[in-house]
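Last residue of the sequence shown: number 1108 in our numbering, and the count goes up by one each step with no gaps. We treat Cβ as the ideally placed atom computed from N, Cα and C, and that holds for glycine.
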Amino acid sequence: MHDRRHHVRPQDRGRGAQAMHHREREHRRDDEPALIFGVHAVEAALANPRRHVRKLYLTDNAERRLQQVLAGRQLAHERVLPKDLDRRLGPDTVHQGALAEADPLPEPTPAELAATGEGRPIILLDQVTDPHNVGAILRSAAVFGAAGLVMTRRHSPPLSGALAKSASGALEHVPVALVQNLARALAELREQGVTVIGLDGGAPDRLEDLHWPLHVALVLGAEGKGLRELTRASCDRLCRIATDGPISSINVSNAAAIALHMAAVGRSRT
């Protein structure tokens, strides 16, 4: 991610823990399963009681590695050879001998993430389309205890496949809200008392100097392009990550990890 356009937005809102009402994702066909591959991603899906797994394909080696979670789930699976999954997923896919066909997880709204976040940040992504970056951001969100992730239905990668593999199981732990309009979602969060911080490398204020509010959302933009103008205008404040090295660019997933760590440290001091 270009340093002029860091975007990370910690958001959280944890007053009044009302029950989160989820809805099935509207951006997919009802009969279209999510493909989850890789041992860690499949293991997390099998361990998640909210994830309905339709079919499971495992090589002998993957079956041995997943023996414990398989015993708990008691789900029948089909034994396959690595070449069978290569044909299904492509020869360059690192599937590790494990593939699950599953229903997408129930989906919260941004307001529900804010209401149940208990002071934890919310991450919003402005047209970040690379599934590996989004997967890595989800993993950082799980590590640092983010309340959830918000993306647009368009210009975002599907919540399966390479994204799920890169998230290494975090997709099962971090709620993801998909919205039609990011600026509207930001307005909705601000109405709920969430302070919206947009990460932008050209901003005068440093994220390191921020006095962290209790309820915060971090907004990150796409590699190179950064935050769109309407997104920038929808933020309460723009901040940059201080850099001193000869290279002034930082990957969006790295920026998210840094900002989430700062948010965790900042909240512990308030």
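Continuous beta strand (DSSP E) stretch holding residue i: start and end
| i | result |
| --- | --- |
| THR990 | 986-990 |
| LYS1063 | Premise fails: LYS1063 is in no beta strand (DSSP E) and is neither H nor E. |
| GLU939 | 936-940 |
Supposed close pair residue i, residue j - CB separation, criterion 8 Å
| i | j | result |
| --- | --- | --- |
| VAL1057 | VAL966 | Not a contact, Cβ separation roughly 11 Å. |
| LEU1076 | ASP1038 | 5 Å |
| ALA1101 | SER998 | The pair is not a contact, with the Cβ atoms about 28 Å apart (cut-off 8 Å). |
| ARG892 | GLU939 | 5 Å |
| PRO813 | ALA1008 | Outside the displayed range of the chain (839 to 1108) lies residue 813, so it cannot be described from this structure. |
| ALA1093 | GLU1010 | Wrong, their Cβ atoms sit about 24 Å apart, outside the cutoff. |
Identified DSSP bridge partners for residue i
| i | result |
| --- | --- |
| THR1033 | VAL1054 |
| ASP922 | Paired residue(s): none; ASP922 is not in a bridge. |
| VAL880 | VAL880 pairs with nothing; no bridge assigned. |
| ASP964 | GLY1059 |
| LEU873 | GLU939 |
| ARG1078 | ARG1044 |
| GLU916 | TYR895 |
Rounded straight-line distance, which links the Cα of residue j to that of residue i
| i | j | result |
| --- | --- | --- |
| GLY954 | LEU927 | Note on residue identity: the sequence assigns Thr, not Gly, to residue 954. Each residue's alpha carbon lies about 37 Å from the other. |
| MET839 | GLY1064 | Here MET839 scores only 40 on pLDDT, less than 50, and its place in the model is too uncertain to base an answer on. |
| ALA1071 | LEU1016 | 21 Å |
| LEU894 | GLN906 | 15 Å |
| LEU923 | GLY935 | 7 Å |
| ILE1085 | LEU908 | 46 Å |
| SER994 | ASP1043 | 28 Å |
| GLU901 | ASN971 | 29 Å |
| SER1004 | VAL981 | 14 Å |
| ILE1035 | HIS915 | 45 Å |
| LEU884 | LEU943 | 12 Å |
| TRP1050 | GLY1059 | 21 Å |
| PHE875 | ALA974 | 16 Å |
| LEU1024 | ALA1095 | 21 Å |
| ARG1066 | ASP964 | 7 Å |
| ASP898 | LEU913 | 16 Å |
| HIS860 | ARG888 | Because the pLDDT of HIS860 is 37, which lies under 50, any placement of that residue in the model is unreliable, and the number read from its coordinates should be weighed accordingly. Whole-angstrom Cα-Cα distance: 11 Å. |
| GLU956 | ASN886 | 22 Å |
| ARG991 | GLY1083 | 36 Å |
| HIS933 | ALA1021 | 36 Å |
| GLU1029 | ALA952 | 10 Å |
Residue range of the alpha helix (DSSP H) that includes residue i
| i | result |
| --- | --- |
| VAL907 | 905-911 |
| ARG1070 | 1067-1071 |
| ALA953 | 948-954 |
Can you list, in chain order, the stretches of the beta strand (DSSP E) that have 3 or more residues and sit fully within the segment 969-1026? Counting whole runs of 3 or more residues, the segment 969-1026 contains the beta strand (DSSP E) stretches 986-990 and 1014-1017.
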